Amino acid sequence: MTVDHIIALSAPDLLALLVIGLLWAVSGWLIEHPPASRPSVSVLMQDYRRDWMRQFLTRQPRIFDATLIDSLRQGTAFFASTCMIAIGGGVALIGNSDRLRGLTEDFALPADTFQVELKIILSLAFLANALLKFVWAHRLFGYCSILMAAVPNDHADPQAGHRAMQAADINITAAKNFNRGLRSVYFALAALGWLFGPVALAAAALACTVVLMRREFASQSRDVMLRR
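Counting in this note's numbering, the sequence shown tops out at residue 590, every number present.
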């Protein structure tokens with residue numbers, strides 16, 4: 363792939379790339395910084411994570427909390443390994459010109475394999491970002507488990523509340539990175555629409571954004587979280 367091939371992208375292609383980039387960035391910002399009057403699910407969960415650590419202070423034994431943190435780590439490890447497999451498959455496809463040529467024929471894609479490679483790389487870039495977020499979230503959940511272990515068994519200890527809130531903040535940061543990874547996976551799937559043209563890419567990116575916004579701001583689970 364050369365610079366000339368990248369520069370040769372049509373104006374609709376460049377516009378579709380701009381659309382998916384903006385939607386990815388703006389949707390992420392809105393989810394993490396929603397209006398005070400309409401918090402997102404991600405923001406609502408932050409309060410529940412702090413409540414979790416407050417209950418953790420007095421819960422005896424704390425086996426339930428250790429099991430829950432372990433399940434969160436397993437979830438991030440699963441998505442990280444899945445991203446690695448997907449990235450490996452994408453790189454292998456790009457490196458196999460015969461198989462790539464067969465793909466263009468099967469799906470009636472443009473015969474220029476360089477452009478097909480570029481379109482696959484867009485999806486791989488989102489997956490690579492997701493992998494980095496999942497790996498960091500996995501490590502942060504590990505940090506959280508250590509901070510939880512450092513919370514004194516006596517909830518009246520002056521350090522107990524402070525340590526618990528430290529664990530809550532690390533837990534929230536880990537969840538934030540996990541959610542960013544999930545959003546990147548969503549947009550990696552949307553990026554595959556580019557194989558069928560710039561209109562398909564823009565439409566897939568818009569559909570992806572609508573799904574994400576609905577789940578964060580208009581889902582049934584959000585209504586449940588808001589019940590008092």
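Note that CB positions come from ideal geometry on N, CA and C, so glycine has one too.
This structure is a prediction, so every number in the text was calculated from the model and none was measured.
Among the options, the one whose alpha carbon lies nearest that of residue i
i, options, result
"N541", "V403, L419, S372, L509", "V403"
"I456", "L509, G390, I482, L563", "I482"
"N533", "V572, S583, V388, L430", "L430"
"L509", "A526, I447, P374, I393", "A526"
"L494", "M446, Q528, V513, G450", "M446"
"A373", "G559, N539, A580", "G559"
"T535", "A454, L568, R501", "R501"
"A530", "A512, L484, Q436", "A512"
"L551", "C570, N539, V561", "C570"
"G383", "P423, R545, Q582", "R545"
Inter-residue CB distance, residue i and residue j (contact presumed, cutoff 8 Å)
i, j, result
"F488", "A553", "6 Å"
"A537", "M407", "7 Å"
"A580", "G543", "Their Cβ separation, rounded to whole angstroms, is 23 Å, which puts A580 and G543 out of contact at 8 Å."
"F418", "D427", "5 Å"
"F549", "W386", "5 Å"
Cβ-based neighbour list, residue i, same chain, cut-off 6 Å, excluding 5 preceding and 5 following
i, result
"L434", "F503"
"G452", "I482, L486"
"A564", "A378, V381"
Exposed unless 16 or more other CB atoms sit within 10 angstroms - verdict on residue i
i, result
"D413", "exposed"
"T438", "buried"
"Y410", "exposed"
"L557", "buried"
"L450", "Sequence check: residue 450 is Gly here, not Leu. The residue is exposed, with fewer than 16 neighbouring Cβ atoms inside 10 Å."
"A442", "buried"
"I425", "exposed"
"V547", "buried"
"L376", "exposed"
"N458", "exposed"
Cβ shell of residue i (< 8 Å), same chain only, five flanking positions each side left out
i, result
"D516", "A522"
"L588", "L406"
"A562", "G555, W556"
Residue i beta carbon near the ligand ZN (any heavy atom closer than 7 Å)
i, result
"L574", "In terms of ligand content, the structure shown is empty, and the ligand ZN therefore cannot be addressed."
Residues near residue i by beta carbon distance below 7 Å, same chain, minus five either side
i, result
"V572", "none"
"R400", "F579"
Complete runs of the alpha helix (DSSP H) confined to the stretch 472-523 [at least 4 residues]: 475-511
Residue ranges of each alpha helix (DSSP H) within the stretch 379-452, 4 or longer: 403-420
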